[in-house]
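Counting with my numbering, you get residues -14 to 142 for the letters of the sequence shown. Here a beta-carbon is modelled for each residue, glycine too, at the ideal position from N, C-alpha and C.
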Amino acid sequence: MIQRIQSFFLLIAFVAMLLMFFFPIISYYGEFNILQLNILELKNLVPGSEQLFSNLFTLPLLFFVVIIGALSFIIIFLYKKRRLQLKLIKINILLNVILIVGIYFIYNNLIEKQAGVEGNFDLAGSIMPIISLIFLVLSYRGVRKDERLIRSADRLR
């Protein structure tokens, strides 16, 4: 049913990915640059300074956030197909782990080395993928628990 607790968990994971569009992920402070990494762009907040990275630099982040959010929303309505739900949640968890590794290690190190700035993670934007991951794992456990319950009921018949 759609009112199961795992549907609520998937909705929270979707909302967490949606909120990433509104909050900055990392702010960088250097001697000549102040940069802010969002899902859509890497902004240089110093007026009159040039862009250090192209506009396509954050495209992989945008791709992962959109796919994870859309998949979380679609999985909510697949409540009659629990096995498919389990597979899609596993894929979503994998994509979320790739997103977290990309943000915290790859993008952060790349920007710090290229621009010569030091990054500070903004709490609201940088914690959203972790919140999404936690609720995806909780929804996976809930769907797996339902699947076990249905199998045990089928054995009794």
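- The beta strand (DSSP E) runs of length 3 or more contained entirely in the segment 53 to 125 are, from start to end of the chain, 103 to 106.
- When the beta-carbon positions are compared, N77 and L44 stay at least 7 Å from each other.
- Per DSSP, reduced to three states, the secondary structure at L134 is helical.
- Remark: C-beta atoms of L123 and F6 do not approach each other more closely than 7 Å.
- In this structure I11 touches N93 by the C-beta definition: roughly 6 Å separates them, less than 8 Å.
- For L(-4), the closest alpha carbon among the candidates S34, L95, L118 is that of L118.
- In this structure, DSSP gives Q21 an extended state, which the three-state scheme calls strand.
- In the DSSP assignment, N40 is bridged to no other residue.
- Y14 has its alpha-carbon roughly 10 Å from the corresponding atom of V31.
- Between L63 and Q70 a beta carbon distance of about 5 Å is seen, short of the 8 Å cut, so the two are scored as contacting.
- Straight through space, the alpha carbons of N40 and Y89 are spaced by roughly 20 Å.
- Contact check for P114 and I74: beta-carbon distance about 16 Å, past the 8 Å limit, so the pair fails to qualify.
- Cβ-Cβ separation between R67 and V128: approximately 6 Å, consistent with a contact (criterion under 8 Å).
- By the beta-carbon neighbour count (other beta carbons within 10 angstroms, threshold 16), Q(-9) is buried.
- Taking the Cβ atoms as the reference, L20 lies roughly 51 Å from I135, outside the contact range of under 8 Å.
- Inclusion of V50 and I24 in the CB contact set at 7 Å is warranted, their separation being smaller than that value.
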